[in-house]
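In the numbering used here, the protein residues as written are 439 to 786. All C-beta atoms in this analysis are idealised placements derived from N, C-alpha and C, irrespective of residue type, glycine included. Small disclaimer: the values here were computed from a predicted structure and weren't measured.
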Amino acid sequence: MTILPSHLSSLSRLSRTLAGKAYQNARYFILVDENTYNHCLARLVSKVVPLQEAEFMEVPIGEECKDIAIATQLWETLLESGADRDSVLVNLGGGCVSDLGGFVASGYKRGIRYINIPTTLIGMIDAAIGGKTALNLDGYKNQIGFFNAPDIVCIEPTFLDTLPDKELFSGTFEMLKTFMIGDPEQYHHLCDMLLGGNLEIQPDMIARCAEIKDAVVKKDPKDKGIRHILNLGHTFGHGIEAHSHQIGNPFTHGEAVGVGMICALYLSVRKLGLPQAILDNYRNVASKMVELPHYSLKETEEILTYMRQDKKNADGEIRCVLLQELGAPVIDLAVDENEIRDALLKIS
Ligand code: GLY
439 MTILPSHLSS LSRLSRTLAG KAYQNARYFI LVDENTYNHC LARLVSKVVP
489 LQEAEFMEVP IGEECKDIAI ATQLWETLLE SGADRDSVLV NLGGGCVSDL
539 GGFVASGYKR GIRYINIPTT LIGMIDAAIG GKTALNLDGY KNQIGFFNAP
589 DIVCIEPTFL DTLPDKELFS GTFEMLKTFM IGDPEQYHHL CDMLLGGNLE
639 IQPDMIARCA EIKDAVVKKD PKDKGIRHIL NLGHTFGHGI EAHSHQIGNP
689 FTHGEAVGVG MICALYLSVR KLGLPQAILD NYRNVASKMV ELPHYSLKET
739 EEILTYMRQD KKNADGEIRC VLLQELGAPV IDLAVDENEI RDALLKIS
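The following block contains the structure:
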């Protein structure tokens with residue numbers, strides 16, 4: 439996998455790469471949703487000359503597109519259009535588009551190449567990198583999929599202009615997570631920026647996050663061990679996210695993970711001796727980007743019910759990633775349900 443790093447000429451570099459020998463027989467198909475069709479597609483094809491003849495395929499926005507019926511329609515369209523094994527699928531969008539597109543490319547004629555061009559911050563620093571492809575099944579997220587890396591991930595930060603603030607905050611929480619596990623200096627820098635009211639995400643910060651994610655994936659491409667560090671805040675976050683949808687006041691994925699990281703840091707202080715000041719500072723940063731919830735006892739039970747279904751649990755125990763120090767995550771720690779209740783009650 440090649441990552442074309444985030445600087446303002448990433449699309450021009452992609453254009454040159456696609457004009458090279460490795461792609462001389464390629465026919466391109468671009469996967470978009472309504473947002474990226476309206477806001478990103480014209481910009482992409484104007485900058486990347488080899489894509490000017492591409493056919494495009496549009497899918498519904500969000501998780502709804504990660505469905506086997508939609509994957510089948512896309513396979514049928516590829517077949518009817520005569521796509522062969524040299525064809526390349528270009529996924530232009532956020533994590534849902536790259537999850538679906540990666541899945542479709544991996545299955546079509548036993549696998550064609552695909553390129554991810556993330557248009558969201560979460561996509562640029564996480565979802566588009568690492569070869570996890572996925573569909574949902576019977577209402578459960580990411581139950582079917584392959585590990586299959588994209589040929590290229592092209593990160594073009596100017597696509598972030600098309601995003602609403604809520605989406606940018608969502609990605610900023612994932613960025614804080616990545617720096618918490620992989621680059622304490624950048625973590626402090628980003629916290630200081632956010633506390634000072636500066637929300638301008640710099641391309642070099644995106645590039646650094648992409649590099650950290652890529653390095654983790656290279657050590658554990660099939661997610662058997664060390665890659666779990668990327669799930670800091672996610673066991674709590676998934677429960678918090680699902681509960682927020684249940685009560686009709688939904689958090690974005692990144693917001694829920696951001697709140698979940700408060701719980702993970704709270705337990706890290708108690709179980710692993712993480713300094714309290716790190717928790718206090720992070721809670722302060724998070725509160726600038728999202729309203730921190732106050733859960734009742736009943737709500738903590740509802741969240742726990744969701745957390746018991748987490749894929750990372752084993753032997754009937756809930757497993758979390760915690761931090762010994764910034765830059766020193768510990769994976770697969772069994773956490774007692776009373777500790778979880780306590781952490782959820784102490785978020786704000
Ligand atoms: N988003 C976590 C991972 O790719 O493993």
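* To do: Kindly say whether phenylalanine 611, judged by its beta-carbon, lies nearer than 7 Å to any beta-carbon of chain C.
  => Among the chains in the structure shown there is no chain C, since it carries only a single protein chain.
* To do: Rounded to whole angstroms, what's the CA-CA distance from lysine 736 to tyrosine 720? Just pull it up for me.
  => Put simply, the backbone Cα of lysine 736 is about 26 Å away from that of tyrosine 720.
* To do: Apply the 10 Å Cβ neighbour rule to lysine 459 and answer buried if 16 or more other Cβ atoms are within range, or exposed otherwise.
  => By the neighbour-count rule (16 or more Cβ atoms within 10 Å), lysine 459 is not buried but exposed.
* To do: State yes or no: is the C-beta of glycine 568 nearer than 6 Å to some heavy atom of ligand 1?
  => yes
* Per DSSP, arginine 757 is paired with what? -> Ala772
* To do: Would you list the residues sitting across from glutamate 763 in a DSSP beta bridge?
  => Ala766
* **Heavy atom of ligand 1 within 6 Å of leucine 668 beta-carbon** => yes
* Could you check if threonine 558 is buried or exposed, using at least 16 other CB atoms within 10 Å of its CB as the buried criterion? => Per the 10 Å Cβ criterion, buried.
* Asked: Can we count arginine 415 as close to ligand 1, meaning its CB is less than 6 Å from some heavy atom?
  -> In the structure displayed, the chain extends from 439 to 786; residue 415 sits before or after that span and is not available.
* DSSP-derived helix/strand/coil call for proline 398 -> The chain is shown from 439 up to 786; residue 398 falls before or after that span and cannot be answered.
* Among Ala648, Gly539, Ser450, which one has its Cα closest to the Cα of glycine 531? -> Out of Ala648, Gly539, Ser450, Gly539 has the C-alpha closest to the C-alpha of glycine 531.
* Asked: Secondary structure at lysine 570, three-state DSSP: helix, strand or coil?
  -> Reduced to three states, the DSSP call for lysine 570 is strand.
* To do: Run the CB neighbour count on leucine 446, radius 10 Å, all protein chains shown included, and call it buried at 16 or more, exposed below.
  => Reliability fails at leucine 446, whose pLDDT of 47 lies under 50, so the model's placement of it is uncertain and no value is given.
* Asked: Taking the alpha helix (DSSP H) that lysine 726 falls in, what are its first and last residues?
  -> 714–727
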